[in-house]
Amino acid sequence: MKIFVRLFLITMLFASCAGKYGKLLKSTNNEAKYKAANEYYDKKQWSKAQELYNSIMSYMRGTPRYETMYYKYAYCAFYQKDYMNAEQLFKTFSDNFPTSQYQEEVSFNRAFCYYKQSPRAELDQTPTQKAMATYQEFVNTYPSSTKVAQANDYIKACMSKLEEKEYLGCKLYYDLGYFKSAHVTFQLLMDDYPESVHTEKYLLYSIEAMYQYSTKSLEEHQVERFNTTKSECDDFENRFPNSALLDKVKNYKLLSDKALISIKEKISKYEQAKEANKS
Numbered sequence: 025m026k027i028f029v030r031l032f033l034i035t036m037l038f039a040s041c042a043g044k045y046g047k048l049l050k051s052t053n054n055e056a057k058y059k060a061a062n063e064y065y066d067k068k069q070w071s072k073a074q075e076l077y078n079s080i081m082s083y084m085r086g087t088p089r090y091e092t093m094y095y096k097y098a099y100c101a102f103y104q105k106d107y108m109n110a111e112q113l114f115k116t117f118s119d120n121f122p123t124s125q126y127q128e129e130v131s132f133n134r135a136f137c138y139y140k141q142s143p144r145a146e147l148d149q150t151p152t153q154k155a156m157a158t159y160q161e162f163v164n165t166y167p168s169s170t171k172v173a174q175a176n177d178y179i180k181a182c183m184s185k186l187e188e189k190e191y192l193g194c195k196l197y198y199d200l201g202y203f204k205s206a207h208v209t210f211q212l213l214m215d216d217y218p219e220s221v222h223t224e225k226y227l228l229y230s231i232e233a234m235y236q237y238s239t240k241s242l243e244e245h246q247v248e249r250f251n252t253t254k255s256e257c258d259d260f261e262n263r264f265p266n267s268a269l270l271d272k273v274k275n276y277k278l279l280s281d282k283a284l285i286s287i288k289e290k291i292s293k294y295e296q297a298k299e300a301n302k303s
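Note that the sequence shown ends on residue 303 in our numbering; no numbers are left out.
The following block contains the structure:
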């Protein structure tokens, strides 16, 4: 019986609070709304604070308190993980209050909003690109900030995801058997990310793609293409002499050598046959 009484009292309490909040929201007493919104904000009741701040926006605009109110209003969205809306609110704050004491903080968290919208690598990476650009802008604007190191870490994370996105595109060409396209795109990938920790893997894919492309080419193009394969193998050996992938690379070089020998033998037999026919 005591449990039911307690539940009833709790229900009545919530209903009373909800009723007070509803009346306050409909009220024309803007000062009371502002006070209550700050109280809800301090209690981390972001949704209620946000709604009340929004209802007094026009009343507060142009007053000395508007900057602080809008700052809290933006953070209501941020703390609710509504990053798309929070980014827009942070941008508006920066535009409206360019000399604010909160500028540095808001600029950093605006970039973070883009970062949190970044999807998995195979999807469109526009938010990732925007996050990287906004963090770079932060670093350029506040080079002495204590958050520069953290911003640079986020930039690296964004670059890593963009690299992965590009790699998946290259790999798709390879898996579908479009070896010429795979070779070209893996070369571009290495140009775009010359300091990548995955360069060995990318170069091996490039070698494999060129070898496969060579084997499927017309005979008149095979010598040039197998030689390109060998050249890339030599490049790999020079750059990564201790690589765990070196045996695979050496095998493609050996296969290319065998293919070139076979082609030369065919050409020699053809020339001999021509000479025999002449005589």
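Glycine is no exception: its CB is placed at the ideal position from the N, C-alpha and C atoms.
Treat the numbers as computed from the prediction; the structure is a model and nothing was measured.
Exercise. Do the stretch 145-155 and the stretch 166-176 make contact, defined as three or more Cβ pairs closer than 8 Å?
Worked result: no
Exercise. By Cβ distance, which residues of its chain are closer than 6 Å to I34, with the 5 residues on each side in sequence left out?
Worked result: Confidence in I34 is poor, its pLDDT being 46 and thus under 50, which makes the residue's placement too unreliable to answer from.
Exercise. Short check: CB of F132 to CB of K96, under 8 Å?
Worked result: no
Exercise. Would the beta-carbon of E91 fall within 8 Å of that of F114?
Worked result: no
For this session: Jot down the residue ranges of each uninterrupted alpha helix (DSSP H) in the stretch 103-157, minimum 4 residues, whole runs only, in chain order.
Result: Counting only runs of at least 4 residues, the stretch 103-157 fully encloses the following alpha helix (DSSP H) elements, listed from N- to C-terminal order: 107-120, 127-141.
Problem set entry | Sufficient close CB pairs (3 or more, under 8 Å) joining the stretch 286-293 to the stretch 258-268 | no
For this session: Return the CA-CA distance between Y126 and S118, expressed in angstroms with no decimal places.
Result: 9 Å
For this session: Give a yes or no on whether the C-beta atoms belonging to L269 and E261 are separated by under 8 Å.
Result: no
Exercise. If you draw a straight line from the alpha carbon of M108 to that of E161, how long is it in whole angstroms?
Worked result: 19 Å
Problem set entry | Candidates S168, S124, Q104: closest to C137 by CA position | Q104
Exercise. What's the call for M81, buried or exposed, on a 16-neighbour Cβ count within 10 Å?
Worked result: Looking at its Cβ environment, which holds fewer than 16 other Cβ atoms inside 10 Å, M81 is exposed.
Exercise. Nearest to S142 by CA position, among K189, V130, K44, is which residue?
Worked result: K189
Exercise. Out of curiosity, what's the CA-to-CA distance linking A39 and K47?
Worked result: Unreliable placement is indicated for A39, whose pLDDT of 44 sits below 50; no coordinate value is reported for it.
Problem set entry | Residues near C257 by beta carbon distance below 8 Å, same chain, minus five either side | I231, V273, K274, Y276, K277, S280
Problem set entry | Rounded straight-line distance, which links the Cα of R85 to that of K57 | 15 Å
Problem set entry | Where L200 falls: helix, strand or coil (DSSP) | coil
Exercise. Does DSSP classify H207 as helix, strand or coil?
Worked result: helix
For this session: Assign H245 to one of two classes, buried (16 or more other C-beta atoms within 10 Å of its C-beta) or exposed (fewer than that).
Result: exposed
For this session: Excluding the 5 residues preceding and the 5 following T253 in the sequence, name in chain order all residues of the same chain whose CB lies nearer than 8 Å to its CB.
Result: I231, M234, Y235, S238, Y276, K277, S280
Exercise. With 16 other CB atoms within 10 Å as the buried threshold, where does Y228 fall?
Worked result: The sequence as given places Leu at residue 228; Tyr does not occur at that position. Its Cβ being crowded by 16 or more others within 10 Å, L228 is buried.
Exercise. With a CB to CB cut of under 8 Å and the five nearest residues on each side skipped, what residues in its chain are close to Q211?
Worked result: Closer than 8 Å at the Cβ level, and outside the excluded window around Q211, lie S230.
Exercise. Which two residues bound the contiguous alpha helix (DSSP H) that contains A60?
Worked result: 54-66
Problem set entry | Reference C182; option with closest CA among E248, Y139, T116 | Y139
Exercise. From S220 to L284, what distance separates their C-alpha atoms?
Worked result: 33 Å
Exercise. Between T116 and R134, which are expected to be in contact by the criterion C-beta below 8 Å, what is the C-beta distance as a whole number of angstroms?
Worked result: That belief does not hold up - the Cβ atoms of T116 and R134 are roughly 10 Å apart, past 8 Å.
For this session: Could you say which of V247, K195, Y226 lies nearest to M214 if we only look at CA atoms?
Result: Y226
Problem set entry | Expected contact under 8 Å - CB spacing of A73 and Y83 to nearest Å | Contact flag wrong, Cβ pair sits at about 16 Å.
Problem set entry | Test item: CB-CB of E146 and L200 under 8 Å | no
Exercise. What first and last residue would you give for the alpha helix (DSSP H) that runs through R249?
Worked result: 243-263
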